[in-house]
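Worksheet: one structure, shown below.
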Amino acid sequence: MLSLLATALAASMATAHFTLDYPETRGFDEDKETQFCGGFATAATRQPFPLKGPVWINNHHKKATVDAFVSLSTDPQSFDDFNKTSNGTSIPHLTDFFQVSEGEACWNIDFTSLGLDLKNGSEVTLQVRFSGCSDLILLSDYQVPANETCNNDAAAGAQSNTSETGAGHDDNSHASSSAAPSATASQQGGASPILARSGALVVVAIAFAALF
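What the sequence shown shows, in mature numbering (1 follows the signal peptide of the UniProt record, and there is no 0), is residues -16 to -1, 1 to 196, in sequence order.
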């Protein structure tokens, strides 16, 4: 699985841009955007995020294939950290592959479904592709802001759905989205997600591939 993802990333022929609007990323620097986590270190203060909550992105390509995968490494440095746990156990996908159209899309993620004993207080890093990260702390009683709820889940019926903008999302709430990362993407649809676990920190990565 690791070699498949590495090959897909190395074979990128086009640049597909997107922004991660919710939760917010660590930061954005165009000169660093191809680096792991966009070249930004772990944030000193983590954003609160529920154990089950929405992710909002803005896709700047006609089509994109999306997947989410997870690593439990205290300091992930490469895709080796997304392959398996410290004892060699594979980790299930956070979501299956699905497609989104150009524009805003959202889907709901459920950390409790992974069987990784993620709970209130677990520290999590949400990664989009490998260029931008958002540092979170999972809270069982955290309420997602009303303008960030996802009613039209793009991942529902994975692999067949295209995205819709969910009611309840306020475009004006993402004035800071220009600081979110953009990333290169392969013309070939869908790099295989690579998963890993080691320690208490979780990294969730969302792989994108442009479809023309």
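For each residue, glycine too, the CB sits at the ideal point set by N, CA and C.
- Under the DSSP assignment, PRO129 falls outside any beta strand (DSSP E); it carries neither an H nor an E label.
- Taken in chain order, the unbroken stretches of beta strand (DSSP E) that lie wholly in the region 91 to 121 and span 3 residues or more are 107 to 112.
- With distances taken between CA atoms, ASP59 lies nearest to CYS21 out of VAL84, CYS21, VAL39, LEU35.
- Boundaries of the beta strand (DSSP E) around ASP51: 36 to 57.
- Per DSSP, LEU78 is not a residue of any beta strand (DSSP E), being assigned neither H nor E.
- Taking C-alpha positions only, PRO129 is separated from LYS16 by approximately 30 Å.
- In this structure, ASP125 places its C-beta atom within 9 Å of the C-beta atom of ASN104.
- Comparing alpha-carbon positions, the option among LEU78, ALA139, LEU4, SER85 lying closest to SER97 turns out to be LEU78.
- The Cβ atoms of LEU110 and LEU35 do not sit closer than 9 Å to each other.
- With 16 or more other CB atoms across the displayed protein chains lying within 10 angstroms of its CB, GLY37 is buried.
- VAL84 is a Cβ neighbour of ALA48, given a cutoff of 9 Å.
- Taking every protein chain shown into account, the CB of THR29 has fewer than 16 other CB atoms within 10 angstroms, so this residue is exposed.
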